[in-house]
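Working notes, beginning with the structure itself.
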Amino acid sequence: MSVFLLGAFLVFLALMLVIATTTTAWMMYTWNTPAAMDGTRFPPVRAPRFSFSLLVPAFEEEHVLARTLEQLAAQQHPDVEILPIVRADDPGTAAVAYELQARYPERIRVIEGNYSPQNKPAAMNMALPECRGEVIGIFDAEDVVHEELLAHVDTLLQTSGADVVQSGVQLMNFWSSWFSVRNVLEYYFYFRSRLHYHARAGFIPLGGNTVFVRRSILERFGGWDDRCLAEDCDLGVRISSAGHSVAVAYEPRLVTREETPATLTGLVKQRTRWNQGFLQVLRKRDWKQLPTLRQRLLAMYTLTMPFLQALTGLFIPIAVFMIVFVRLPVPIALFTYLPLIPLLLTVGLEVGGLREFGQEFGYKVRGRDYARLIVGAPFYQLVLLTAAVRAVVREMRRVVSWEKTDHVGAHLETAKVGGEVTL
Amino acid sequence: MSAVLSRRRHDEPRPAERPRSDDPYRLVRYLSVGALLVFAAWVNATNLVGYPISFEDEGAYVSQAWAVAEHGRLTHYPYWYDHPPLGWIVMAGWALLTDGFARTPTAIAIGREVAVIATVISAWLLYILCRRIGMRWGWAAVAVALFALSPLAVHYHRMAFLDNLVTPWVLATFVLMHGKRSLAAYAGAGICFALAVITKLTAAIFLPVILWGLWRTAYPQNRRYAIVLLLGSFALVGFLFPLMAMLRGELLPSPDNTSLYQGLLLQFVEKESSGSIFASASAARLTIDSWLALDHVVVYAGLLATLPALLFRHLRLYAAVIVVHLAVMARGGYLPVAFVVQVLPYLALLVAGVLDGWWNQASQVRHVRGRRGLVRAGAAATLLGASVVLLALPIARDWPSRLGAMHTVNADRGYQAAAPWIMDNVEPWENILVEGQLWVETVRAGRPEPSTVWYFKLGLDPGVREEFPRGHSEFSYIITSAMMNETAGSAPGTPEALQDSYPVERFADGPEFVEIRRIIDADRTGQLAELRRHYRYPSTRNLFGFTEAGPTGETPVAELPMPDEGGRLAWWDGRLWLVDTEAEVRFPVNAGDRSSEADLAEEQALAAAGAESWDGRTDEDAPPDPPAEPDGSEDPRAQLIDDLEPGDRGEDVRDWQAYLRAWDPRALPEWGVDGVFGPETQVWTERYRTAEASP
Chain A
248 MSVFLLGAFL
258 VFLALMLVIA
268 TTTTAWMMYT
278 WNTPAAMDGT
288 RFPPVRAPRF
298 SFSLLVPAFE
308 EEHVLARTLE
318 QLAAQQHPDV
328 EILPIVRADD
338 PGTAAVAYEL
348 QARYPERIRV
358 IEGNYSPQNK
368 PAAMNMALPE
378 CRGEVIGIFD
388 AEDVVHEELL
398 AHVDTLLQTS
408 GADVVQSGVQ
418 LMNFWSSWFS
428 VRNVLEYYFY
438 FRSRLHYHAR
448 AGFIPLGGNT
458 VFVRRSILER
468 FGGWDDRCLA
478 EDCDLGVRIS
488 SAGHSVAVAY
498 EPRLVTREET
508 PATLTGLVKQ
518 RTRWNQGFLQ
528 VLRKRDWKQL
538 PTLRQRLLAM
548 YTLTMPFLQA
558 LTGLFIPIAV
568 FMIVFVRLPV
578 PIALFTYLPL
588 IPLLLTVGLE
598 VGGLREFGQE
608 FGYKVRGRDY
618 ARLIVGAPFY
628 QLVLLTAAVR
638 AVVREMRRVV
648 SWEKTDHVGA
658 HLETAKVGGE
668 VTL
Chain B
483 MSAVLSRRRH
493 DEPRPAERPR
503 SDDPYRLVRY
513 LSVGALLVFA
523 AWVNATNLVG
533 YPISFEDEGA
543 YVSQAWAVAE
553 HGRLTHYPYW
563 YDHPPLGWIV
573 MAGWALLTDG
583 FARTPTAIAI
593 GREVAVIATV
603 ISAWLLYILC
613 RRIGMRWGWA
623 AVAVALFALS
633 PLAVHYHRMA
643 FLDNLVTPWV
653 LATFVLMHGK
663 RSLAAYAGAG
673 ICFALAVITK
683 LTAAIFLPVI
693 LWGLWRTAYP
703 QNRRYAIVLL
713 LGSFALVGFL
723 FPLMAMLRGE
733 LLPSPDNTSL
743 YQGLLLQFVE
753 KESSGSIFAS
763 ASAARLTIDS
773 WLALDHVVVY
783 AGLLATLPAL
793 LFRHLRLYAA
803 VIVVHLAVMA
813 RGGYLPVAFV
823 VQVLPYLALL
833 VAGVLDGWWN
843 QASQVRHVRG
853 RRGLVRAGAA
863 ATLLGASVVL
873 LALPIARDWP
883 SRLGAMHTVN
893 ADRGYQAAAP
903 WIMDNVEPWE
913 NILVEGQLWV
923 ETVRAGRPEP
933 STVWYFKLGL
943 DPGVREEFPR
953 GHSEFSYIIT
963 SAMMNETAGS
973 APGTPEALQD
983 SYPVERFADG
993 PEFVEIRRII
1003 DADRTGQLAE
1013 LRRHYRYPST
1023 RNLFGFTEAG
1033 PTGETPVAEL
1043 PMPDEGGRLA
1053 WWDGRLWLVD
1063 TEAEVRFPVN
1073 AGDRSSEADL
1083 AEEQALAAAG
1093 AESWDGRTDE
1103 DAPPDPPAEP
1113 DGSEDPRAQL
1123 IDDLEPGDRG
1133 EDVRDWQAYL
1143 RAWDPRALPE
1153 WGVDGVFGPE
1163 TQVWTERYRT
1173 AEASP
C-alpha cells in the first residue's frame, strides 16, 4: 500500500471515528444526566397567554383528516383556530374539511385554493395571510395530537422566551415490519435527544410538524421556501441564522404520534426527499449567516449528516473486510476497528431505547422486535445508503436542468415526490 | 417513589455538591493538596535508580519497551501473550517522547519514571475519589499520604511493574463512577477499565466491584444506558487484545506459534501456586512477610478498617475491593510480589475513610440530643483518637528512617557496575547469558542483540534454541545474581551454565551481588585448555585480580597435570581454588553457587581422588588439545605475522588465519578464513601477539 493511500485511509478512519462518536453522543444527549433529562420536558402549565393558528395541509387524505381535525378542535387551550388547507381539485378531502368546519365553526376555518407548486410549503404560504393567531402551528393530516399539547406549548413559549417551539413527533408502530422498529427508534432518539442538542448548540433543522413559530417571524421571512424539498429544515436554518431561539420539548405523553411509511419503497422515497432537501439547504448557504464559527461548522456537519451516516453504514462491512481479508499491518488493522466501537455501542443503546420506548408508551416489546432491531441494522443502513445515493444523483441531475430554467426542476421533483407528475 | 429510592440507593456526594464559590478554604485546600502531591512525587522519585535493586520483571518490561521503541516490535523475543502489551507500549511512548533510552543513567530508570508518574497521577485520582465519595479534604489528604508515603508503597511504586500502570486506570474508573455520573462518564469508566485490563489482565479482579458500583451509582432514570455504555465500551475496547492476537494469527494454539490461548493457560491455569497464605513457609507467606517488613501499618490498618468501613455506606464499595482481593489470595494460586500494589490505594482510602466517618460522628456532638447520641459521639471520638495515636506512633518511628534508607542506598550498584564491565571486556561477538535488566542495559549501550541472550529464553524459546544448538556451551559468560540463582530452576539450561562456569568478577556483596561467570567451553577444547588459555591473556588475568604471588596458608588438595606447566587445586579462604603453578595465578572454582558443605565435600573428594578428575568430569571426556597449540617455532605459519598488515589479501593471509584458528578455535567467528586481513583478523592478531609476548 502506498504511503499516500495509507494516509488517505487513516484520515478516512479518523473521520469515521469522529462521525460515529458524535452520532452516539448526540443520540444519548438527553439521557446524559437526570438534570439534562428534566431540561427536555415541558415545564408545569401556566395560564395561556398566546393565540394559535394551526395549519393542516391535506391532499387526498380524506380518511385520516377528520380524526386529526377533531383532536385539534378538542385542544384544551382556549384560543385556537384550525386551518385545514385543501385543494379544489381534491373534492373528497375538501368535503371532509368543510364537514368538520360545520361541526366546529368557532375553531375550524377551511382554506381552499389551487396553490402552486403543488406541495406543502406552497399550501402553507397560501394560508399564512389568513392566520389570526400570534403563533402558527403546523400539523400533518394524519397526526394524532394530544389535547393538552397547546397548553404546554404556550407555557414553554412563556418560560423559555423562545420564538419557536418544536415538540416531539413519534412514529409508533414498531411492530409492523422489520424496518419500522428501526424507523421508530430513529424518531425516538432524534426528537427526544438529538434535537435538544441542536437547540442548545444554536443550530437546528426543524421537524415538519408539531412546530410552532411566531407569526411575525414567518411574515418577515415571507413564509416557507416552496422550491425546497425540506422546507422545515430550511425554516430551522433561517431561524437559527436570524438569531431566534428555539425551544425543544419531548414528553412521551404529549408527543404527536405518526406512522412509519407502509412500504420500504415509501421509506426510501421519503428519505430521498429529506436528504435532497438537506442538500438544497446546504447549497442555499443561509447557514453561512450563522453568528459563530461553531454554529456554521455544526450546520455544515448536520446538513451533510445523512450522507456521512450512510457512509458509516457502509463502513462496517468495509472495516470487517479490511480486517479479515486484507493483510493490513496489525496497528492499522486495530485502528480500523476503533470506529466500530461507537457503531456497535449504538446497537446496544438502541436495544435499551426500545425497552424504554415500550415502557414509556405502554407497549409490550417482544423478543422478535429486539431481534429485528439487531439483525435489521445492516439492512437498514443499506436502505439509508440507497436513499442517500438517490438524493445525490437527483440533485446532480437537477443541477443540469436548473441551468435551463429556474423553476421547472424544483417543481418537477416536488411533484414527483408528492406522488403525481404534472407536466 | 423514585426520589425515595434514589435517596436510599445512591451515594450523594456531600462536599462536591456544595457550590464552589462559597468555599473560603478552596485556595488553602488546593495549595495544601498540591504541596502534598509535590512532596509525594519527590519521595517517590528520589534515588529511583539506586533503590530497590532492579528486578527481573522490570528488565523484561523495559526490554520489551525497547523492542517497541527501537524496532516497532512488541517484544525482543517472540511474544507469548504472558501479558497484554499496553503497559510497555506506554513505557516506550515515554521513552520516545523524552529520548529516554539515551538520557537515563540506567535503562530500567525509564520504566521507573513512568511508574512514578503513574503513582503521582494515582495519588491525585485517589484524592478526587475520596472527595467524590464525600470525605473531608483533610482525611482525603491523609489517604493520599498513606498511599504515597508508606515505605511499602514507595518500594513498589517506583518499580517498572505493569501493576503501577494499572492503578491510575482503575482509580479513574471509580472516579468516573462518582461525581456527575453522566452517561459520558460511564462510557469513560468502561474505557478506563478496559485499558486497565489490557495493561495487566489481573485488573479483571475489580470487575465484580465495578459492576456493583455501576448498579449503586447510576441514576435509575438512565441506568440501562449506563450499563450498556460501561460494559459495552469495556468489552469493545478490551476486545483489542484478542483482536490483535487474531490478526497476528495467534489466537488459538498451533504447532509453530505462540498463542493467546496458551498464554492465558500458562498465566492463569498452569502457573505454579505460591501455596497457601496460611502455611508458614509457603512462597505466598514469604511474599506477604516481605510486604509487612516494609510497612505493616498500612496493611494492618487497612485490613482492620475494612470491617468498620462496611458500616459506612459510602465506603462499602471499597471495602468490597479488599474483600474480593482477600478471597482471591485465600483461594491459593500464584501470588505475585506486586499484588499488594493493586490494593494499596483502597487500603489507604479505607483507613482515612473510617477515620473521617468517626470524625463526622464525633463532631455531631453539638447537634445530638439525649444520652444515646452522646454515647455514640463519645465512642466515635474515642475510637478516632485511639486510632490516630496507634497509627501515628509506628509511622513516626519507622517511616522516616526507612524512607531515608531508600533515598540513600544504591542497591543496584552490582548491575550498574556489571554493564560497563561487559561492554569493556566482552567482545560483541561473544555470546552472553544475562538477566533482563542487563539485556536492555547492554543492548542500549551497543551490544548486538543476537549475542546477548536473556537467560530465560535459552531453553524456552525455540528460536534461541535453534540459534544455539549446543546450548549454554556456546556462550562465553553468564552474569548471575541472587535472583537468577533463585529462578534458575525454571529456566532450562541456566543451572548447567552456572555449573559449568567459574566467577571472574563480582560486584556488590550480600543479596545484591552480581557475578560475571566465564562459561567453560567444555565441548570444544577441554576444560583445562580453556582455563589455561584464559589466564594466558594478561588482560584477562588482570581482571581476575589474582596476579599476586601464590598465597600463603592455602591447603593443596591435588596436583593437576597441565599441558605445559603445573597446576593444582587448593583450599584457601574457605574456597576451592585452581592454582596455576607457573603463572602464580589462582581463581576460585564454582564459588558462589556451590556453597553447601555437601558440595564442598564432594569437590574435595573429587579433587583428592586424583588429578584426572575434578568438577565431575574426567579428562577422557574432554576432547584432545587443539592440534596446533603453538608453544615453539614448529609451525612456519607463525612467522607470517611479521610480514602481514591490515588490508592485505591472499594466500598468506589465509594461512595466517588458519594458524589463528588452530591457535584458538574461537578466533575469527564472523568472517572465518576468508583471506582478507580485516578488522576481525586484526583484533585476533593483536590478541595472539599479546598472549605470546607475555611470559
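Residue numbers (this note's numbering), protein chains in the order written: chain A, 248 to 670; chain B, 483 to 1177.
C-beta atoms are modelled at their ideal positions from N, C-alpha and C, and glycine is treated no differently.
Near-chain A residues of the stretch 714-725 of chain B - C-beta to any C-beta below 7 Å: G714, S715, L718, V719, L722, L725
Check whether the Cβ atoms of V781/B and H807/B lie closer than 7 Å to each other. Against the second sequence, residue 781/B aligns to sequence position 299. Against the second sequence, residue 807/B aligns to sequence position 325. No.
Chain-order list of residues whose beta-carbon lies under 6 Å from that of A494/A (same chain, five-residue window excluded): Numbered from its first residue, the first sequence carries residue 494/A at position 247. Around A494/A: L403, S407, A409, V412.
Whole angstroms is fine: what's the gap from G672/B's alpha carbon to D616/A's? As a working note, residue 672/B is residue 190 in the second sequence. As a working note, residue 616/A is residue 369 in the first sequence. C-alpha separation (whole angstroms): 28 Å.
Please classify W1202/B: does DSSP put it in a helix, a strand, or coil? Limits of chain B in this structure are 483 at one end and 1177 at the other, which puts residue 1202/B out of reach.
Output yes or no for whether 7 Å exceeds the beta carbon distance between G616/B and H889/B. Sequence index remark: in the second sequence, residue 616/B carries index 134 (1-based). Sequence index remark: in the second sequence, residue 889/B carries index 407 (1-based). Contact: no.
State the start and end residues of the unbroken beta strand (DSSP E) segment that holds Y959/B. Residue mapping note: residue 959/B aligns to position 477 of the second sequence, counting from 1. Per DSSP, Y959/B belongs to the beta strand (DSSP E) from 959-963.
Using a Cβ-Cβ distance under 7 Å, would G599/A count as near chain B? Position 352 of the first sequence, counted from the first residue, corresponds to residue 599/A. Judged by the 7 Å Cβ criterion, G599/A is in contact with chain B.
Whose Cβ in chain B lies nearer than 9 Å to the Cβ of R619/A? Within the first sequence, numbered from 1, the residue matching residue 619/A stands at position 372. Neighbours of R619/A on chain B: none; closest Cβ ~18 Å, over 9 Å.
What's the C-alpha gap between M263/A and L768/B? As a position in the first sequence, residue 263/A is number 16, starting the count at 1. As a position in the second sequence, residue 768/B is number 286, starting the count at 1. Each residue's alpha carbon lies about 53 Å from the other.
Through-space distance from A900/B to H558/B, alpha-carbon basis: Within the second sequence, numbered from 1, the residue matching residue 558/B stands at position 76. Within the second sequence, numbered from 1, the residue matching residue 900/B stands at position 418. Looking at the two C-alpha atoms, the distance is approximately 21 Å.
For my contact list, E389/A and E505/A are in at a C-beta cut-off of 8 Å; report their separation, rounded to the angstrom. Counting from 1 along the first sequence, the entry for residue 389/A is found at position 142. Counting from 1 along the first sequence, the entry for residue 505/A is found at position 258. Contact holds; Cβ gap of about 6 Å.
Using a C-beta cutoff of 7 Å, does S648/A count as contacting chain B? Reading the first sequence from its first residue, position 401 is the one you call residue 648/A. The pLDDT assigned to S648/A is 32, lower than 50, so where the model puts this residue is not dependable; a value taken from the coordinates is nonetheless given after this. Closer than 7 Å: no.
Using 7 Å as the limit for Cβ to Cβ distance, is Y563/B near chain A? Start at 1 with the first residue of the second sequence, and residue 563/B comes out as number 81. Chain A contact via Cβ: absent.
Using DSSP with H/G/I as helix, E/B as strand and the rest coil, what is Y507/B? Numbered from 1 along the second sequence, position 25 holds the residue referred to as residue 507/B. It is coil, neither helix nor strand.
Let's see if you can read the secondary structure: which residues bound the alpha helix (DSSP H) around E987/B? For the purposes of this step, residue 987/B is taken as the residue at position 505 of the second sequence. Per DSSP, E987/B belongs to no alpha helix (DSSP H); it is in the beta strand (DSSP E), 983-989.
Compute the Euclidean distance between the alpha carbons of S514/B and R705/B, then round it to the nearest angstrom. Walking along the second sequence from the start, residue 514/B turns up at place 32. Walking along the second sequence from the start, residue 705/B turns up at place 223. The alpha-carbon atoms of S514/B and R705/B are separated by roughly 37 Å.
Reduced DSSP secondary structure (H/G/I, E/B, other) of G860/B: One-based indexing of the second sequence puts residue 860/B at position 378. G860/B: helix per DSSP, three-state reduction.
With which residues is W936/B paired in a DSSP beta bridge? Your numbering for residue 936/B matches position 454 in the second sequence. Paired residue(s): V916/B.
DSSP state of F562/A mapped onto helix, strand, coil: For the purposes of this step, residue 562/A is identified with residue 315 of the first sequence, where counting begins at 1. Three-state DSSP puts F562/A in a helix.
Residues in its own chain within less than 6 Å of A973/B by CB, not counting five upstream and five downstream? Within the second sequence, numbered from 1, the residue matching residue 973/B stands at position 491. Sequence-distant Cβ neighbours of A973/B in its own chain, meaning closer than 6 Å and more than five residues away, are Y937, F938.
For E307/A, which of A321/A, A335/A, S427/A has the nearest alpha-carbon? Here residue 307/A corresponds to residue number 60 of the first sequence, with the count starting at 1. Cα-wise, what sits closest to E307/A is A335/A.
Reduced DSSP secondary structure (H/G/I, E/B, other) of P1151/B: Indexing the second sequence from 1 puts residue 1151/B at position 669. Collapsing the DSSP output to three states places P1151/B in coil.
Cβ atoms of A700/B and C674/B: under 7 Å apart, would you say? If you number the second sequence from 1, residue 674/B lands on position 192. If you number the second sequence from 1, residue 700/B lands on position 218. No, the pair does not count as a contact, with Cβ atoms beyond the cut-off.
Nearest CA to the CA of Q556/A: which residue from D533/A, N522/A, D481/A? Indexing the first sequence from 1 puts residue 556/A at position 309. Ranking D533/A, N522/A, D481/A by Cα distance to Q556/A puts N522/A first.
Straight-line Cα distance separating G839/B from V916/B: Indexing the second sequence from 1 puts residue 916/B at position 434. Indexing the second sequence from 1 puts residue 839/B at position 357. If I take the Cα positions, the gap works out to 52 Å.
Contact under 7 Å by Cβ, G524/A with L592/A: Position 277 of the first sequence, counting from 1, holds the residue named residue 524/A. Position 345 of the first sequence, counting from 1, holds the residue named residue 592/A. No, the pair does not count as a contact, with Cβ atoms beyond the cut-off.
What residues of chain A sit near K662/B, judged by a beta carbon separation below 7 Å? On the second sequence, residue 662/B is found 180 positions in, with the first residue counted as 1. Per Cβ cutoff of 7 Å: T280.
Please compile the residues from chain B whose C-beta is within a distance smaller than 7 Å of the C-beta of A580/A. By one-based count along the first sequence, residue 580/A stands at place 333. Those are L729, listed as they occur along chain B.
Using a cut-off of 9 Å between C-beta atoms, extract the partners of R602/A located in chain B. Locating residue 602/A in the first sequence gives position 355, where the first residue counts as 1. Correct list: R706.
In chain A, which residues lie less than 8 Å from L792/B when you measure between Cβ atoms? Position 310 of the second sequence, counting from 1, holds the residue named residue 792/B. Neighbours of L792/B on chain A: none; closest Cβ ~29 Å, over 8 Å.
By the 10 Å Cβ neighbour count, where 16 or more other Cβ atoms means buried, how is I914/B classified, buried or exposed? Looking up residue 914/B in the second sequence gives position 432. Buried.
Alpha carbon of D533/A to alpha carbon of T551/A, nearest angstrom: Mapped onto the first sequence, residue 533/A falls at position 286. Mapped onto the first sequence, residue 551/A falls at position 304. Distance between the alpha carbons of D533/A and T551/A is about 15 Å.
Just to check my reading of the structure: A305/A and V327/A have Cβ atoms closer than 8 Å, yes? What is that Cβ distance to the nearest angstrom? By one-based count along the first sequence, residue 305/A stands at place 58. By one-based count along the first sequence, residue 327/A stands at place 80. Between V327/A and A305/A the Cβ distance is about 18 Å, and since that is not below 8 Å, they are no contact.
Looking at the secondary structure, which residues open and close the beta strand (DSSP E) in which P331/A lies? Numbered from 1 along the first sequence, position 84 holds the residue referred to as residue 331/A. Unbroken beta strand (DSSP E) run through P331/A: 327-333.
If you drop the 5 nearest sequence neighbours on each side, which residues of the same chain put their C-beta closer than 8 Å to that of M274/A? For the purposes of this step, residue 274/A is identified with residue 27 of the first sequence, where counting begins at 1. Excluding positions up to five away in sequence, the list reads F436, S440, R441, T593, L596.
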